[in-house]
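2 protein chains.
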Amino acid sequence: MQQYRWTQRARDIQPFHVMAVLARAQALAAQGHDVIHMEIGEPDFVTPAPIIRAGQAALADGRTGYTSALGIPALREAVAGLYASRYGIDLDPRRVVITPGGSAALLLISALLVDPGRNVLMADPAYPCNRHFLRLVEGHTRLIPVGADTDYQLTPEMVEHFWDPQTVAVLAASPSNPTGTLLDRAQLTGLAEVTRRLGGSLIVDEIYHGLTYGCDAVSALEVAPDAFVLNSFSKYFGMTGWRLGWLVAPEAAIPELEKLAQNFYICAPHMAQIAALAAFGDESMDICEARREAFHKRRDFLLPAVRELGFDVPVTPDGAFYLYADTSAFGGDSAALCQHLIETEHIAVTPGLDFGEYRAAQHVRFAYTTSLPRLEQAVERIARGLQSWRAC
Amino acid sequence: MQQYRWTQRARDIQPFHVMAVLARAQALAAQGHDVIHMEIGEPDFVTPAPIIRAGQAALADGRTGYTSALGIPALREAVAGLYASRYGIDLDPRRVVITPGGSAALLLISALLVDPGRNVLMADPAYPCNRHFLRLVEGHTRLIPVGADTDYQLTPEMVEHFWDPQTVAVLAASPSNPTGTLLDRAQLTGLAEVTRRLGGSLIVDEIYHGLTYGCDAVSALEVAPDAFVLNSFSKYFGMTGWRLGWLVAPEAAIPELEKLAQNFYICAPHMAQIAALAAFGDESMDICEARREAFHKRRDFLLPAVRELGFDVPVTPDGAFYLYADTSAFGGDSAALCQHLIETEHIAVTPGLDFGEYRAAQHVRFAYTTSLPRLEQAVERIARGLQSWRAC
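Quick mapping for you: the protein sequence lines, in order, are chains A and B.
Residue numbers for the first sequence follow my numbering, so the first one is 1 and each next one is one higher.
Residue numbers for the second sequence follow my numbering, so the first one is 1001 and each next one is one higher.
1) Could you tell me if Arg185 of chain A is buried or exposed, where buried requires 16 or more neighbouring beta carbons within 10 angstroms of its beta carbon?
2) Could you tell me whether any Cβ in chain B is nearer than 8 angstroms to the Cβ of Val97 of chain A?
3) Could you tell me whether the stretch 1288–1297 of chain B touches the stretch 1336–1354 of chain B, where touching means 3 or more Cβ pairs closer than 8 angstroms?
4) Helix, strand or coil for His1209 of chain B per DSSP?
5) Between which two residues does the beta strand (DSSP E) harbouring Gly319 of chain A extend?
6) For a contact meaning CB atoms closer than 8 angstroms, what does Tyr1066 of chain B contact in chain A?
7) Quick check on the burial criterion: 16 or more other C-beta atoms within 10 angstroms. Buried or exposed for Pro1314 of chain B?
8) Can you tell me which of B:Gly1065, B:Asp1354, B:Asp1205 and B:Met1122 puts its alpha carbon nearest to the alpha carbon of Ser1103 of chain B?
9) Report, in whole angstroms, the separation of the C-beta atoms of Thr1099 of chain B and Leu1108 of chain B, which I expect to be a contact under 8 angstroms.
10) Measure the alpha-carbon distance for Pro1116 of chain B versus Glu160 of chain A and round it to whole angstroms.
11) What first and last residue would you give for the alpha helix (DSSP H) that runs through Ile382 of chain A?
12) Would you list, in chain order, the members of the stretch 264–293 of chain A that have their beta-carbon closer than 8 angstroms to a beta-carbon of chain B?
13) Considering only C-alpha positions, which residue in the set B:Pro1225, B:Gln1262 and B:Pro1269 is nearest to Gly1245 of chain B?
14) Let's see if you can read the secondary structure: which residues bound the alpha helix (DSSP H) around Met271 of chain A?
15) Please specify which runs of the beta strand (DSSP E), each continuous and at least 3 residues long, are wholly inside the stretch 40–126 of chain A, giving them in chain order.
16) List the residues of chain B that His395 of chain A touches, going by C-beta distances under 7 angstroms, in chain order.
17) Mind listing the chain A neighbours of Val1114 of chain B? Cutoff is C-beta to C-beta under 9 angstroms, in chain order.
18) Does the CB of Gly385 of chain A have a neighbour CB from chain B at under 8 angstroms?
19) What residues of chain B sit near Glu138 of chain A, judged by a beta carbon separation below 8 angstroms?
20) Quick one: what does DSSP say Arg142 of chain A is sitting in, helix, strand or coil?
21) Less than 7 angstroms separating the Cβ of Gln1387 of chain B from some heavy atom of the ligand PLP?
22) What would DSSP say about Thr1240 of chain B, mapped onto helix, strand or coil?
23) Can you tell me whether Ala1227 of chain B is buried or exposed? The criterion is at least 16 other CB atoms within 10 Å of its CB, across all chains shown.
24) Under 7 angstroms Cβ-Cβ, which residues of chain A neighbour Ile1055 of chain B?
25) If you compare alpha carbons, which of B:Leu1221, B:Val1035 and B:His1017 is closest to Cys1129 of chain B?
26) Run through the DSSP bridge pairs and tell me what Val363 of chain A is partnered with.
27) Is it buried or exposed for His33 of chain A, if we count other Cβ within 10 angstroms and need 16 for buried?
28) Going by DSSP, what residue range makes up the beta strand (DSSP E) through Val1170 of chain B?
29) Quick check on DSSP: helix, strand or coil for Leu154 of chain A?
30) Going by CA-CA distance only, name the one from B:Tyr1213, B:Leu1143, B:Ala1169 and B:Thr1195 that's closest to Gly1180 of chain B.
31) What residues from the stretch 22–52 of chain A come within 8 angstroms of chain B, judged by C-beta to C-beta, listed N to C?
Pasting the structure below:
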């Protein structure tokens, strides 16, 4: 019997805690139970019809070969056009790198900016894969605990305080996963200034742009043209399974990124790139805006409802489709609470532990990626689940 | 003006030399010149119609969301079925990991097996991205010069000789890119035995399986069930632009690979996974076999033709769609020869430097991914180009 030796890296990267919840949810569903999924980080809508039709047409046209590593020129131009129409920014299409999902953008950035032993500053809580990309390239993450007092976002003072000689970049997210909070223009400007002054790069994850409620998100590129900004067709455009995203980078970085992309993934899926051209058309945008409105309604229902139940959500999340809720009022460990909710009420929720360390055991993340009627059912079940939890 | 600091990694990874040829080819084509492409590593056929139809149907069915990181169960089973029908191997579908291209399989393997400072043994010449994945994770490549005497393949003696305390694995390729040569059963058995005895892992790139001429390739899994075997839908099944591959790994590695896949790319494109189910049907397999026959005819034309021109191809390449040709008879540097051929005859060829160091400046790679009539034209032009080269 062969003895396998995995890397320290593989041992350090932990499975997501939600996977245990998911496995249990699947087992319960297989037994015929009705599970309500509030753990899923993807829209519950299929891709808008115009994009699907464009994908089918691309296949009919035989667009099945490799593209250039940076993406097809028409899509790079269309993405630049989005920056003009949405943010009023004149962006050179050559600065747009089309990637196979936001994931690949994080891979490229990590490979380009983070030498072994170097670190990147990041909020805690944050999207967990970010730190695992740094682990992949033998870099480090400096997690900065953030709370309601700063909208769960980094501040220039924090960046200044946590910066050390090994720090090369700051990674922020607006809207944030898991907290749904935004960085406004002043906050972004502050982060850009301090990062530039300290000699590092500002990286902003704008993957949930477009999914903001009652306001629009400011792009880091409006105040920091030298920032690295990553985005995706997954969330607002409902294209998760196509694996398509983009990265806007400083012009000087593009030849480097092209080289890395050629080596690490060759290109993003060709038919997805063609299909995504239809994402910016009026018909698709109307569908996406209607979905945004649906998410808005869900948030407006779910947020007061979970607050009513006793969860603390001190900052109203203006974007994404998540509530990051403090479970302190119920005592115990939030992972145990998640386990209790799936077992007793068949409600799947993500434990805070998946997003960092800081007060993670006192938080859960609710995703409102399910219909309003289902969310209403969910709230009833959670109420009942909390009663039995308290009685434990 | 911001001063950017890229990683040492980014500085170490060089652009492909063929990119200079390609850029010149594009410029010439834009001027109206007729360029013959013999540098391209992808089949000149669109994806077989049954696969395209299945992709369109998947989109019509709204298969646009994420899948599980290891891939949809039906495709993992279908791939296991290919091992039964093609090689007579009973493979547990749970050992099949569906990946976004063979590239992602290399990413997973590198992340799982190669700690910083560790190394992997590899033939020189070989597919260049392999060593860049090791560079990504701060591992090293030990390039082992190979020549015609061992069919450009590693031998157990070489592995034994080059193995050092930091070596963790051997990466072989059959058929090899750029040489097109295969590892037979005895060679694979020898490599598996020595690697196992030395306590490392055997990784075999079988991306060109199916594209062999007058013979079938042996899978490493036939003789080494504990090997890591990577493959792809790109080449034999003509699905390059879909970005879909797979990795067969030891059962103990699967939970680790799942965790890494979740973090690094979430999943392979969903519609591509559904479409690929149609790849194994009779209609698709008939098309793929007909294409294999077309490549066979091209090889049988091009190989004697380039030998006749004075290129030395000492081992008949039995697979892939490449000839790795020694240019010593023409003197000078093969990169300069490539430059000469594109400038004077508009023939694009890949310089040997892209595949390693060992006698790289005395080799070029011809790809026969273009039609027989075009290859005939190409041979005439190369003949003329060699005359003017000699006259230089």
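Even glycine gets a Cβ: it sits at the ideal position worked out from N, Cα and C.
According to the structure shown:
1) Residue burial annotation: Arg185 of chain A is exposed, with fewer than 16 other C-beta atoms found within 10 angstroms of its C-beta.
2) Taking Cβ atoms only, chain B never reaches closer than 8 angstroms to Val97 of chain A, which makes this a no.
3) No, the stretch 1288–1297 of chain B does not touch the stretch 1336–1354 of chain B.
4) Secondary structure at His1209 of chain B: coil, using DSSP grouped into helix, strand and coil.
5) Neither: Gly319 of chain A is in no beta strand (DSSP E) and is coded neither H nor E.
6) Result: Glu42, Thr240 and Gly241.
7) It is exposed - the Cβ of Pro1314 of chain B has fewer than 16 other Cβ atoms within 10 Å.
8) Comparing Cα positions, the closest option is B:Asp1205.
9) For a cut-off of 8 angstroms, the C-beta gap from Thr1099 of chain B to Leu1108 of chain B is around 7 angstroms, short enough to register as a contact.
10) So the alpha carbons of these two residues sit roughly 30 angstroms apart.
11) In this chain, the alpha helix (DSSP H) harbouring Ile382 of chain A covers Leu372 to Ala391.
12) The stretch 264–293 of chain A vs chain B, Cβ under 8 angstroms: Phe264, Tyr265, Ile266, Cys267, Ala268, Pro269, His270, Met271 and Ala272.
13) Measuring from the Cα of Gly1245 of chain B, the nearest candidate turns out to be B:Pro1269.
14) Here the alpha helix (DSSP H) through Met271 of chain A covers His270 to Leu277.
15) Correct list: 96–99 and 119–124.
16) Any property of residue 395 of chain A remains undetermined from this structure, which presents chain A solely from 1 to 392.
17) Ordered by position in chain A, the residues that pass the 9 angstroms Cβ test against Val1114 of chain B are Thr7 and Arg9.
18) With 8 angstroms as the cut-off, Gly385 of chain A does not count as an interface residue toward chain B.
19) Within 8 angstroms Cβ-Cβ: Pro1116, Val1137 and Glu1138.
20) Arg142 of chain A sits in a strand when the DSSP states are folded into three classes.
21) Inclusion of the ligand PLP in the displayed structure is not the case, the ligand content being empty and no account of it being possible.
22) In the structure shown, Thr1240 of chain B sits in a helix (DSSP, three-state: H, G or I).
23) Buried.
24) The question names Ile, yet the displayed sequence has Gly at residue 1055 of chain B. Within chain A, the residues placing a beta-carbon under 7 angstroms from that of Gly1055 of chain B are Leu59, ordered along the chain.
25) The option with the nearest alpha carbon to Cys1129 of chain B is B:His1017.
26) Reading off the sequence, residue 363 of chain A comes out as His, not Val. According to DSSP, which records beta bridges pairwise, His363 of chain A is partnered with A:Asp326.
27) Looking at its Cβ environment, which holds fewer than 16 other Cβ atoms inside 10 Å, His33 of chain A is exposed.
28) For Val1170 of chain B, the enclosing beta strand (DSSP E) has its first and last residue at Thr1167 to Ala1173.
29) DSSP places Leu154 of chain A outside both helix and strand once states are collapsed to three, so it counts as coil.
30) With respect to the C-alpha of Gly1180 of chain B, the residue from B:Tyr1213, B:Leu1143, B:Ala1169 and B:Thr1195 having the closest C-alpha is B:Tyr1213.
31) Flagged, chain order: Glu42, Val46, Thr47 and Ile52.
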